[in-house]
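Just below is one structure, and these are the notes that go with it.
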Amino acid sequence: MVLTRSHKKFSLGLTISLGHLCIVKKFSVSLLLLCIVLLLAMIDKEMRSKAKGLVRPLITKPVQPLSSHMHLFLLCLLFLSALFITLSEAVCNLQDRESLMWFSGNVSSSVSPLNWNLSIDCCSWEGITCDGSSDSHVTMISLPFRGLSGTLASSVQNIHSLSHLDLSHNRLSGPLPPGFFSTLDQLMVLNLSYNSFNGELPLEQAFGDGSNRFFQVHTIDLSSNLLQGEILSNSIAIQGAINLISFNVSNNSFTGPIPSFICRSSPQLSKLDFTYNDFSGHISQELGRCLRLTVLQAGFNNLSGEIPSEIYNLSELEQLFLPANQLTGKIDNNITQLRKLTLLELYSNHLEGEIPMDIGNLSSLRSLQLHINNITGTVPLSLANCTNLVKLNLRVNRLGGSLTELDFSQLQSLRVLDLGNNSFTGELPDKIFSCKSLIAIRFAGNKLTGQMSPQVLELESLSYMSFSDNKLTNITGALSILQGCRELSTLIMAKNFYDETVPSKEDFLAPDGFPKLRIFGVGGCRLKGEIPAWLINLKKVEAMDLSMNRFVGSIPGWLGTLPDLFYLDLSDNLLTGELPKEIFQLRALMSQKAYDATEKNYLELPVFLKPTNVTTNQQYNQLSSFPPTIYMRRNNLTGSIPVEVGQLKVLHILELHSNNLSGSIPYELSNLTNIERLDLSNNYLSGRIPWSLTSLSFMSYFNVANNSLEGPIPRGGQFDTFLKAYFEGNPLLCGGVLLTSCTPDTTTGNDELNRTFLVGIAIGYFISFISILVVRPWWV
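Per my numbering, the sequence shown starts with residue -7, numbered consecutively.
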């Protein structure tokens, strides 16, 4: 090891401090002995001078007060005794102290630095614990959440009595020291989670005779680091960890198979967590040897094959978490033998077959998530016996049949129910509305019929409801009922109520109707009439989808008064008239502060969007929040684009294409500094493209095709990345990707002054905003 200046300083300070402690201790002992001798001499003198008085009865003579010399002597004696007792306490082991100083020399923190005082015993340092032995060996280092950066010094391996090492939730990096466990054979708890350690796990050496070493460790947590490579049989002493109970390597980059030997070498294992890595291959049947296993988590890897039947022999298993892999085969009926299961999550795999008919035997289940598979059949009636269920998600499978026979009334703990995108038929089962704890329901993408039941009002905590893409009728009745759901924040009704007329009068909505509604979607219903006037009373609405209907008339200016609205979709209607200036005065789109103040944590379930771009190979896109957006494409809007559009500095997406807009492209669009997608194509716009638009460094899509624009296409910035098709259909445009030369007359004019905005190809070139590039016809 190379000594740095800081290490030499620590070492020198360590030697001096220990030397001082020894000298002071010896000196105090000498003083104490001297005081004792003086005390004996003074007592002897006092006794000789008062020998006669001492033979008298004590009761006949008052006790004489101590002399001033005696007072001073006793105070001195008391002080020296206390000093002696303090110094006689064991000082921490010299080698352990030096190892700690080497460790502190390798780390630093601007958040909570290690203020270890060299002048005091290291057993008193923050985060350090020692045993009760005569030379006080260090047994625990506990320094989580300290913001420590640097590396893990190999000197820690010299603290041979260390049994507990917790450096979690810091910023430590670099590889783990070679032979990390070889010398720390007393270590019982190792927690290095939530750091940036990298490289492969260190290999451990066997004894000289080739036999394996044995270690006391029972908890290893290396989760949330940057570790990689395979976990081999001689990695970090797993092979000799016979007492290992918990092993967590989640959220790293490990590859290869899940170690099959781990249950042979550590039969006491209770928790195994391999999630969020790159493990591949089959799940080993050897995991069936861990008969005490309560938690098995290996989701979000590349595991393939079937779930081995040996897993179903783990009678103590409480959590089986294997989602987002490539698992195939059926869900074996023997899984119902795992009577202690509280969590069964196998979603996002390629599982097929039916849900086991005896699934109700798993009466302790709290979370059953089998969504995004190829599961067929019906929902077993025995599921009603899982009375502890809190979350049930069977979305995106091939389940069918009626739901009316399932007794949902027994599921009184159920909070989240997602049966979307299957083939369920019949009416909405009324018994669902007896699940009093429900906060989120999704039936979207099925074949349900009938009307909304008033019993939904019994769900007093209901916050999220989506039944889009079904065959429900009577939108007036549905809205009349649902506005009484006091906690409802998300209501998606798209692709129902075909060709009905939506109630439009402002007084349709009760004064206390939809008091907390933030997301409202009725897209794709082919609804008739004008944009309902009662929408003005949705004072908390943030996202509104009225697209793909047959709304007529003009866009009401009062939409611009909704204080929190930042996502508005009016596309694919029959709207006429000019763009109201008030729309471009939406407070949440004008001020970043106002936008940030909007509530974005109300989605108990994510919203899924069906893409129209089949080349994405995605069935659905998931949104946990909405981008600031205005869609008004494919209407019959006329007039010019108001200059007030430049006030929407928070806006990410603006689509006005396929209308009858005229006039010039307003220069004020260059104020939309956050714009990522701007589509003005298929209108009657004229004039030149403002050069100032080249300053929009986040704009990854700009389309003005099929207008009457003229002059040169601006150069620089994102304009150097746009496709030729985005400018075609404008006969008088020239330059740029059109590869047509511009005459001198077309390269002069007032717009030429805007060349100062050229900023080069900006970072927006690298932006991939899939949720923008995929046009969304409706929500589910």
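For every residue, glycine included, the Cβ atom is placed at its ideal position computed from N, Cα and C.
(request) Compute the distance between the beta-carbons of Arg434 and Leu597, then report whether it is under 8 angstroms. (result) yes
(request) Take the Cβ of Leu715 as the centre, count every other Cβ of all protein chains shown within 10 Å, and call the residue buried at 16 or more, exposed below. (result) exposed
(request) Under 8 angstroms Cβ to Cβ from Gln475, same chain only, skipping five residues before and after it: list those, please. (result) Leu501, Ala502, Gly505, Phe506
(request) Taking all protein chains shown into account, decide if Lys439 is buried (16 or more other Cβ within 10 angstroms of its Cβ) or exposed. (result) exposed
(request) Return the residue from the list Glu720, Ile254, Leu730, Asn675 that minimises the CA-CA distance to Arg707. (result) Leu730
(message) Going by beta-carbon coordinates alone, are Asn162 and His129 separated by less than 8 angstroms?
(response) no
(request) Please state whether DSSP places Ser96 in a helix, a strand or coil. (result) helix
(message) At the level of alpha carbons, what is the spacing between Phe416 and Ile424?
(response) 14 angstroms
(request) Drop a sphere of 10 angstroms on the beta-carbon of Pro620, count the other beta-carbons inside from all chains shown, and report buried for 16 or more, exposed for fewer. (result) buried
(request) Could you pull out every residue in the same chain whose Cβ sits closer than 7 angstroms to the Cβ of Phe137, ignoring the five residues on either side in sequence? (result) His161
(request) Between the Cα of Thr143 and those of Ile120, Gly191, Val514, Gln577, spot the shortest distance and give me the residue it belongs to. (result) Gly191
(request) Within 10 angstroms of the Cβ of Ala717, are there 16 or more other Cβ atoms? Answer buried if so, exposed if not. (result) exposed
(message) With distance defined between alpha-carbon atoms, name the residue in Cys734, Ser563, Ile645 nearest to Asn651.
(response) Ser563
(message) Need the endpoints of the beta strand (DSSP E) that Gly345 sits in, please.
(response) 344 to 346
(message) So the candidates are Gln208, Asn187, Tyr186, Gly569; which of them puts its Cα closest to the Cα of Thr175?
(response) Gln208
(request) Taking all protein chains shown into account, decide if Asn98 is buried (16 or more other Cβ within 10 angstroms of its Cβ) or exposed. (result) buried
(message) Could you tell me the alpha carbon to alpha carbon distance between Phe543 and Ser583, rounded to whole angstroms?
(response) 30 angstroms
(message) Just to confirm, is the Cβ distance from Leu441 to Leu464 under 8 angstroms?
(response) It should be pointed out that residue 441 corresponds to Thr in this sequence rather than to Leu. Going by C-beta atoms, Thr441 is nearer than 8 angstroms to Leu464.
(request) Return the Cβ separation of Ile473 and Glu498 in integer angstroms, given the expectation that the two are a contact with Cβ distance under 8 angstroms. (result) Contact doesn't hold; Cβ gap of about 19 angstroms is too wide.
(message) Gln443 and Ala486 - do their beta-carbons sit closer together than 8 angstroms?
(response) no
(request) Whole angstroms is fine: what's the gap from Ile323's alpha carbon to Lys573's? (result) 58 angstroms
(request) Spell out a yes or no on whether the stretch 254 to 261 and the stretch 289 to 299 are touching, meaning 3 or more CB-CB pairs, one atom from each, closer than 8 angstroms. (result) no
(message) Less than 8 angstroms between the beta carbons of Leu264 and Gln289, yes or no?
(response) yes
(request) Compute the distance between the beta-carbons of Arg669 and Leu648, then report whether it is under 8 angstroms. (result) no
(request) Evaluate Asn366 with the Cβ neighbour count: other Cβ atoms within 10 Å of its Cβ, from every protein chain shown; 16 or more gives buried, anything less gives exposed. (result) exposed
(request) Going by CA-CA distance only, name the one from Leu578, Leu567, Pro421, Ala535 that's closest to Ser546. (result) Leu567
(message) Extract the residue ranges of the beta strand (DSSP E) inside the stretch 297 to 332, only unbroken runs of 3 or more that lie entirely within it.
(response) 311 to 313
(message) Bridge partners for Ser481 per DSSP, in chain order?
(response) DSSP lists no partner for Ser481.
(message) By alpha-carbon positions, which one of Leu554, Val533, Arg518 ends up nearest to Asn565?
(response) Arg518
(message) Along the chain, where does the beta strand (DSSP E) containing Gln289 start, and where does it finish?
(response) 287 to 289
(request) Could you spell out where the beta strand (DSSP E) holding Met540 opens and where it closes? (result) Neither: Met540 is in no beta strand (DSSP E) and is coded neither H nor E.
(message) Which of the three DSSP states is assigned to Gly741 in this structure?
(response) Any reading at Gly741 must be qualified, since the residue scores a pLDDT of 43, below 50, and its modelled position is unreliable; the value itself is stated next. Correct three-state label for Gly741: coil.
(message) Quick check: what's the CA-CA separation for Ser458 versus Ala525?
(response) 23 angstroms
(message) Please give the ranges of any beta strand (DSSP E) in the stretch 197 to 255, keeping only runs that are unbroken, at least 3 residues long and fully inside the region.
(response) 211 to 213, 218 to 221, 238 to 240
(request) Please say whether Gly139 and Ser102 have beta carbons closer to each other than 8 angstroms? (result) yes
(request) Quick one: measure Cβ to Cβ for Lys531 and Pro555, integer angstroms, because I've assumed they're closer than 8 angstroms. (result) 7 angstroms
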